[in-house]
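Colleague:
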Amino acid sequence: MQALDLLLNRVSVGRLLEPAPDAAQRELLLRAALRAPDHGQLRPWRFLMVEGEARARLGELFAQALLASNPEAKPEALDKARAMPLRAPLLMVVIARLSEHPKVPHEEQVLSAGCAAHGVLLAAQALGFGAMWRTGELTHNPRVRAGLGLTVQEKIVGFLYLGSFEGERRVPPALQPADFVSAWQG
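Residue 342 is where the sequence shown starts when you use the working numbering, and the numbers rise one by one after that.
(1) Within 10 Å of its beta-carbon, does Val493 have 16 or more other beta-carbons around it, so buried, or fewer, so exposed?
(2) Within this structure, are the beta carbons of Phe403 and Val485 separated by less than 9 Å?
(3) Could you tell me which of Tyr502, Pro518, Pro446 sits nearest to Ala361, measuring between CA atoms?
(4) Would you grab the beta carbon distance between Val391 and Gly471 for me? Rounded to a whole angstrom, and I think it's under 8 Å.
(5) Taking the beta strand (DSSP E) that Gly471 falls in, what are its first and last residues?
(6) Answer yes or no: do Val451 and Pro385 have a C-beta to C-beta separation smaller than 9 Å?
(7) Apart from the five residues on each side of it in sequence, which residues of its chain come closer than 7 Å, Cβ to Cβ, to Pro513?
(8) Which residue comes first and which comes last in the beta strand (DSSP E) that contains Glu441?
(9) Kindly give me the distance between the Cβ atoms of Ala465 and Leu347, rounded to whole angstroms, as I take these residues to be in contact under 8 Å.
(10) Decide if the segment 400-419 is in contact with the segment 474-483; the criterion is three or more beta carbon pairs, one per stretch, under 8 Å apart.
(11) Using the three-state DSSP reduction, which class does Val434 fall into: helix, strand or coil?
(12) Please report how far the alpha carbon of Leu499 lies from the alpha carbon of Ala524, in whole angstroms.
(13) Kindly list the residues whose CB is nearer than 6 Å to the CB of Asp379, restricted to its own chain and excluding five residues on each side of it in sequence; keep chain order.
(14) Check for me: the beta strand (DSSP E) holding Phe500 runs from which residue to which?
(15) Checking 9 Å against the spacing of the C-beta atoms, do Gly455 and Ala437 come in under that value?
This is how it looks when you write it as structure tokens:
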């Protein structure tokens, strides 16, 4: 796949099936992630792979987090939380590892980890897989953070859902760069 074609046509795929990327393909996904812009060479990221039965355990963690934040959560909402990680055969949790640095603020380190996540999405599409970057309140939930073993210096950038997709990949809507650009006149 040509690089510009990939960049111009990347889309999120919400319904993902087996198979997930295999070990060699995951290695390529991670190699792409590690090429993210990285001021100060801090490598402010790490990745957790969640697959198999661990997806159901993550769903239970999500349900417990929801219940802790909303004791009156309806059973349907808890079931939905439990089912979330089952939407793909592989989830990759992208985590920003923040460190103190005189020239690289935390915000820039989070952005770098976000670029690493985007590298995974692009590499997945280049390999013929579907992917979806999901966030939401669970990325900030203290119970989820603790359950995934995050330290106080870490933040969840997102949950990347990875797998195969059915049918044709959807065509992204045409956007015009001029709608997002203006000239600064000083």
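The beta carbon of each residue, even a glycine, is placed where N, CA and C say it ideally should be.
Modeller: Here's the rundown:
(1) exposed
(2) yes
(3) Tyr502
(4) That pair is no contact at about 17 Å.
(5) 471-475
(6) yes
(7) Asn350, Val352
(8) It is not in any beta strand (DSSP E) - Glu441 carries neither H nor E in the DSSP assignment.
(9) Actually they do not touch by this definition, with Cβ atoms about 10 Å apart.
(10) yes
(11) It is a strand residue.
(12) Here residue 499 is Gly; the residue named in the question, Leu, does not match the sequence. Distance between the alpha carbons of Gly499 and Ala524: 33 Å.
(13) Around Asp379, the same chain offers Ser453 as residues with beta carbons nearer than 6 Å, after the five sequence neighbours per side are excluded.
(14) 495-504
(15) yes
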